[in-house]
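**Student:** Dropping the structure in here first, questions after.
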Amino acid sequence: MQRRTTLSRPMSLAFISPAFLLVALFLIYPFFSIFSMSFTNQALTGAAARNPQYVGLDNYANLFDVDTWMTRGEFGSSLWITTQFVFGSALIGQAGLGMLIALLFFRRRDLVRHVVYTLAIVAWITPDVVIGFAWFAFLDPTQGTLNNILSIFGVPAQDWLLQYPLLSVIVFNTWRGTAFSMLLFTSALNSISPSYLETSQVIGASRWQQFRDILFPMLQTTIATDLILITLWTFNTFTPYLLTGGGPSYQTELMSIYTYRIGLQRFEFGRGSAVAVTVMLINLLLASIYLFISRTRKTR
Amino acid sequence: MASINLTQLRRHFGAVKAVDDISLAVDDGQFVALLGPSGCGKTTTLRMIAGLELPDAGTIQIGAKQVTALPPRDRDIAMVFQDYALYPHMTVAENVGYPLKVRGTASSEIRQRVQDVAKQLQIGHLLERRPAQLSGGQQQRVALARAVIHKAQVTLYDEPLSNLDTKLRLEARAFLKHLQREVGVTSIYVTHDQAEAMALADVIVVMNEGKILQVGSPKSIFQTPQNTFVAGFIGSPPMNLLECTIDGSVLRFTDGSRLPWQHALPTTARGTVTFGIRPEHVTIRPIDEPGTLPATLYVTQMLGGESLVVTHVGEQLVSVRLFTDEVPELPTRIGLAFDPARVFFYGADGNRLT
Amino acid sequence: MKSGWLLRVLTNALGVLLALFFLLPLLWFVFAPFNERATLSVRIPEAFSLHNFEVVLNNDTAIRSLVQNSLLISGGVMILTALIATLAAYGFSRGSLPGRSIITYVLLLFSSVVTGTASLVPIFVLIYNIGMFNTYQGVILTLVGGMLPTSIFIMRDFIDSLPRSYEEAAMVSGASSLQIVRDIVFPTLRPGVLVVAVLAFVNGWGAFLTPLILIRNAAMRPAAIAFYQFYSDEGTPNIPLISAYAVLYTLPVLILYLIINARYGFRFFGGIKQ
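The listed protein sequences derive, respectively, from chains X, S and F.
Under numbering that gives the first Met the number 0, the first residue of the first sequence carries the number 0, and numbering increases by one thereafter.
Under numbering that gives the first Met the number 0, the first residue of the second sequence carries the number 0, and numbering increases by one thereafter.
Under numbering that gives the first Met the number 0, the first residue of the third sequence carries the number 0, and numbering increases by one thereafter.
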């Protein structure tokens, strides 16, 4: 016998089943179906659509072909671009800037803080396409706000998306996503009991010593959590496509955009699945680390 | 109103024997306190009587009716929860009237009875507020009102005063006793506070580790604790319990000191026993007075109308309660004298020797 | 203290720089929608005008995408996600199922792995094969499937935080299961349901990639895609249209976020939990 609950076991199963059905269909099935699809030459049209052939590891061999894979527009090149993008915009950009803002306004409730937080949040929640256009206008070589401002300081106009495409999307994505890290770090900092810092102040620790010896150790798991989550999200983000379309000449073609081009524009499902499998395995690795960290934190 | 009978009631959570084959008879109109430390099984017992938890074995009878497996609503009971469980989205009046509403009572009658109960519990001015706008003491009264409104046969209390601060708790305790005298319904009251149980209950049931250790009136539980657990749990401070060895007509304590014992010993007492005496039945004597136990003064505490002197006998502490508001000047070494009529002996199994 | 004064000036200067960094790319949207002759530059309009909004109202594609398609998709996503996630979370939290926390963890794991364009490759094939290509249902179900694990997690967390004694008190008071759900469970769940519903609506409203891939019929595409095509397809972008459309399209999301944030704070923003 059991604790009496409002829900009997058959009832709770009935409550869960719609969710289970949708999750099975749209998360679990896709995960396993791409594995089998990645060993075929399936496509949307043509002979391969009606009668897909088993091609073994051909798709993977193709992706990892050392002679061509670092060519622009190929898998390895895209992976390298994505790595730089994640490193620059997530790890340095969002996490670094988020931490800077959280520390800068630690225990402050003034107008400057309010303005910075509100703007960062607006940048984060405004729909993708609007942000894409906002930056398109901002970076416009002739009329864009950025060049207009720089011209005041005598800097000549640049075509940012043509001359510095990867740097542009890195700054773009930093701007877009910093709010999450900022809010996460802020709430973690606020949850630290003031007495820890007060004790260290009484002892006579400098600001730097307070950060290094008190705040940083207490923020470690939050930082790890943040880094993994934003890595995962940045690795999969498609938003830069709205600014550059992956160009010029594939210079901003992130893994997500590459997958889109192969699997969903050219409809090479077999090869697209092989890319998707690789991406998902990388995701799985990142997510496992995240869950591992959050579980150990819980048991601590 | 109804009597309650628990027979061989059992509830295990995995390896934890939360309630281990207990039997208990509660008379019609009695107020019974289930008393014990946390994890002793008192709350689980209460929840089984309520029907919120189902027993692994045993039966529960309320009045003439077997209710062991019945859902709570078929048991005609009321319950006050530790966190009060006042619905945050309802006003006080709606909260109090809810048990009538679910029974399909006419809304005009609900309104009337809510008014009556609110008056009785002195919460009439709060009826239109929400629980979040009430103080802890007010919330507690609203929870009480909801429990008495539908005149159930049995009222169950799950540590209803434990979320109040000390002053409010004493007030609420007096109020509850007063209410109980007016309403007179059969009640089971779970608490870990022995003073609360003593003050409120007709009968106290002391529980530990899923077992009932002693059942009796507050007076009998206090005056003749049947085992070392009850002796050490009841009273503030509780009974002094000292290990000693019986050597003819001498008690030898662990520090080697000897106490000649001219008085009668329980017939079964031999070897190592536990010597029990309440702090109020110990007196302080000069160290060299014959028939006393030598002790070392540890600390004295002034407690208002009385004082507590804590002494060492070897490694063991002995408290002495003095009914004086003057802390006496005492030498370091003193003798302790015991009122022989108030001394209990407990055997190796913890049970009282007679 | 002299160094304290200097520090304050420096931190405030840094704060202002950060505010500018976040503000500048958005500044255009403050002025252009109200400027009849707006260009890509930020210019304070000579005369305040609502002409650009008229342009939007006269553009059938813009209006249909926004009022019909986007509303249908986000509304569907909102209702289904809130309903299904609440049922499931309640089942997990109050039911007596073994291994419930493992299940939610596995769900979360899957939702973070099967994400982005990678997941849309197999989902496209699936939707195509079951005949839901070019339908609202296909887009709605796909978005709901992706939202569910997080929503269930938030909801379960919320329900776990509600004392069981609410339901127990109602049981003891004599309420039937139906009465408990109607009088106690549903009203106490409302704030949590609201958060999940808004989150789902906002997600459906902003969704770009999923409808782009699953809907080819131009008449059925939501505002996100219409807006993207306004600035990417034609030779010279129609600036008056784009500027006002951006405002109309963004405003609902901003307002919802601000309301919910004022009431529930970061719990809502995070969407994830420790």
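Beta carbons are placed, not taken as given, at the ideal position from N, Cα and C, and that holds for glycine.
When you compare the CB positions of Met154(F) and Ala196(F), do they come within less than 8 Å of one another, or not?
**Tutor:** No.
**Student:** Give the interface partners of Ile80(X) over in chain F, defined as CB-CB distance under 7 Å, in chain order.
**Tutor:** Under the 7 Å cutoff, chain F gives no residues; its nearest Cβ is about 15 Å from Ile80(X).
**Student:** Would you call the CB atoms of Gly349(S) and Asp254(S) closer than 8 Å?
**Tutor:** No. Outside cutoff.
**Student:** Pick out whichever of Pro32(F), Val76(F), Val55(F) and Met146(F) has its Cα sitting closest to the Cα of Tyr135(F).
**Tutor:** It is Val76(F).
**Student:** Looking at chain F, is there any beta carbon in it that lies within less than 8 Å of the beta carbon of Val11(S)?
**Tutor:** In the sequence as presented, Val is not what sits at residue 11(S); that position holds His. Answer no: the Cβ-Cβ gap between His11(S) and chain F never drops below 8 Å.
**Student:** Nearest-angstrom Cα distance between Trp300(X) and Pro140(X)?
**Tutor:** Because chain X here runs from 0 to 299, residue 300(X) falls outside it and cannot be looked at.
**Student:** If Leu165(X) sits next to Ile80(X), beta carbons under 8 Å apart, how far is it from one beta carbon to the other, in whole angstroms?
**Tutor:** That belief holds up - the Cβ atoms of Leu165(X) and Ile80(X) are roughly 7 Å apart, short of 8 Å.
**Student:** Hey, how far is the Cα of Leu290(X) from the Cα of Gly95(X)?
**Tutor:** When rounded, the distance between both Cα atoms is 22 Å.
**Student:** In angstroms with no decimal places, state the Cα-to-Cα distance between Ala174(F) and Ser186(S).
**Tutor:** Taking the straight line from one Cα to the other gives about 21 Å.
**Student:** How would you label Val154(X), buried or exposed, when you count the other beta carbons within 10 angstroms and need 16 or more for buried?
**Tutor:** Exposed, since its Cβ has fewer than 16 Cβ neighbours within 10 Å.
**Student:** Beta-carbon within less than 6 Å of Thr271(S)'s beta-carbon, same chain only, minus the 5 sequence neighbours each way: which residues are those?
**Tutor:** Cβ neighbours of Thr271(S) beyond the five flanking positions: Thr244.
**Student:** Quick one: Cα of Ile101(F) to Cα of Gln300(S), how far?
**Tutor:** Roughly 54 Å between the two C-alpha positions.
**Student:** Less than 8 Å separating the beta-carbons of Ile83(F) and Ala18(X)?
**Tutor:** Contact flag set, yes.
**Student:** 8 Å is my cut-off, CB to CB: does Gly205(F) come that close to chain X?
**Tutor:** Yes, contact with chain X.
**Student:** Whose C-beta lies closer than 6 Å to the C-beta of Ser150(F) among residues of the same chain, with five residues either side of it excluded?
**Tutor:** Excluding sequence neighbours, Ser150(F) sits near Thr80, Ala84 and Val195.
**Student:** Using a threshold of 8 Å, state whether the C-beta atoms of Ala198(S) and Lys176(S) are closer than that.
**Tutor:** Cβ distance < 8 Å, so Ala198(S) and Lys176(S) count as in contact.
**Student:** Give the straight-line distance between the Cα atoms of Thr249(F) and Arg46(S), rounded to the nearest whole angstrom.
**Tutor:** Cα-Cα distance, rounded: 53 Å.
**Student:** Can you list, in chain order, the residues of the stretch 5 to 26 of chain F whose Cβ is nearer than 8 Å to any Cβ on chain X?
**Tutor:** Answer in chain order: Thr10, Asn11, Leu13, Gly14, Val15, Leu17, Ala18, Phe20, Phe21, Leu22, Leu23, Pro24, Leu25 and Leu26.
**Student:** Among Ala144(S), Ile276(S), Val147(S) and Gln193(S), whose alpha-carbon lies nearest the alpha-carbon of Ser161(S)?
**Tutor:** Considering only alpha carbons, the answer is Gln193(S).
**Student:** For Asp125(S), collect the residues of the same chain with a Cβ closer than 8 Å to its Cβ; drop the 5 residues on either side in sequence, then sort them by chain order.
**Tutor:** The sequence shown places Leu at residue 125(S), not Asp. Taken in chain order, the residues that qualify are Val91, Ala117, Leu133, Gln137 and Val141.
**Student:** Buried or exposed: where does Pro148(F) fall if 16 or more other Cβ atoms within 10 Å of its Cβ makes it buried?
**Tutor:** Per the 10 Å Cβ criterion, buried.
**Student:** Looking at the unbroken beta strand (DSSP E) that takes in Phe30(S), where does it start and where does it end?
**Tutor:** First-last of the beta strand (DSSP E) with Phe30(S): Phe30 to Leu34.
**Student:** Run down chain X in chain order and give the residues with a C-beta less than 7 Å from the C-beta of Phe123(F).
**Tutor:** In chain order: Leu263.
**Student:** Could you tell me whether any Cβ in chain F is nearer than 8 Å to the Cβ of Leu214(X)?
**Tutor:** Leu214(X) does not count as touching chain F.
**Student:** Closer than 9 Å by beta-carbon distance: list the chain F residues that pair up with Asn282(X), in chain order.
**Tutor:** Ser111, Val112, Val113, Thr114, Gly115 and Ala117, listed in chain order.
**Student:** When you compare the CB of Gly145(F) with every CB in chain X, is at least one pair closer than 8 Å?
**Tutor:** Taking Cβ atoms only, chain X reaches closer than 8 Å to Gly145(F), which makes this a yes.
**Student:** Using a Cβ-Cβ distance cut-off of 8 Å, determine whether Gln142(X) contacts chain F.
**Tutor:** At least one chain F Cβ lies under 8 Å of Gln142(X).
**Student:** Can you tell me which residues form a DSSP beta bridge with Glu242(S)?
**Tutor:** In DSSP, Glu242(S) forms a bridge with Thr273(S).
**Student:** Rounding to the nearest angstrom, what Cα-Cα distance links Val65(X) and Met36(X) in this structure?
**Tutor:** Near 23 Å, if we compare the C-alpha coordinates of Met36(X) and Val65(X).
**Student:** I want to verify the contact list: residues of chain F whose CB lies under 8 Å from the CB of Ala84(S), in sequence order.
**Tutor:** Within chain F, the residues near Ala84(S) are Pro162, Ser164, Tyr165, Glu167 and Ala168.
**Student:** Beta carbon of Pro221(F): closer than 7 Å to some heavy atom of the ligand ADP?
**Tutor:** With respect to small molecules bound, the structure shown includes none, and the ligand ADP cannot be examined in it.
**Student:** Going along the chain, which residues of the stretch 46 to 75 of chain S sit with their C-beta nearer than 9 Å to a C-beta in chain F?
**Tutor:** Listed by position, the residues of the stretch 46 to 75 of chain S near chain F (Cβ gap below 9 Å) are Arg46, Ala49, Gly50, Leu51, Pro70, Pro71, Arg72, Asp73, Arg74 and Asp75.
**Student:** Which of the three DSSP states, helix, strand or coil, is assigned to Ser16(X)?
**Tutor:** DSSP places Ser16(X) in helix when its eight states are reduced to three.
**Student:** Going by C-alpha distance, which of Ile76(S), Val326(S), Ala263(S) and Ala77(S) is nearest Gly303(S)?
**Tutor:** Per the Cα distances, Val326(S).
**Student:** Going by beta-carbon coordinates alone, are Ala336(S) and Thr295(S) separated by less than 8 Å?
**Tutor:** Result no, Cβ atoms of Ala336(S) and Thr295(S) do not sit closer than 8 Å.
**Student:** Starting from the beta carbon of Gly3(F), find every residue of chain X whose beta carbon is closer than 7 Å, and list them in chain order.
**Tutor:** Simply none; closest approach about 11 Å.
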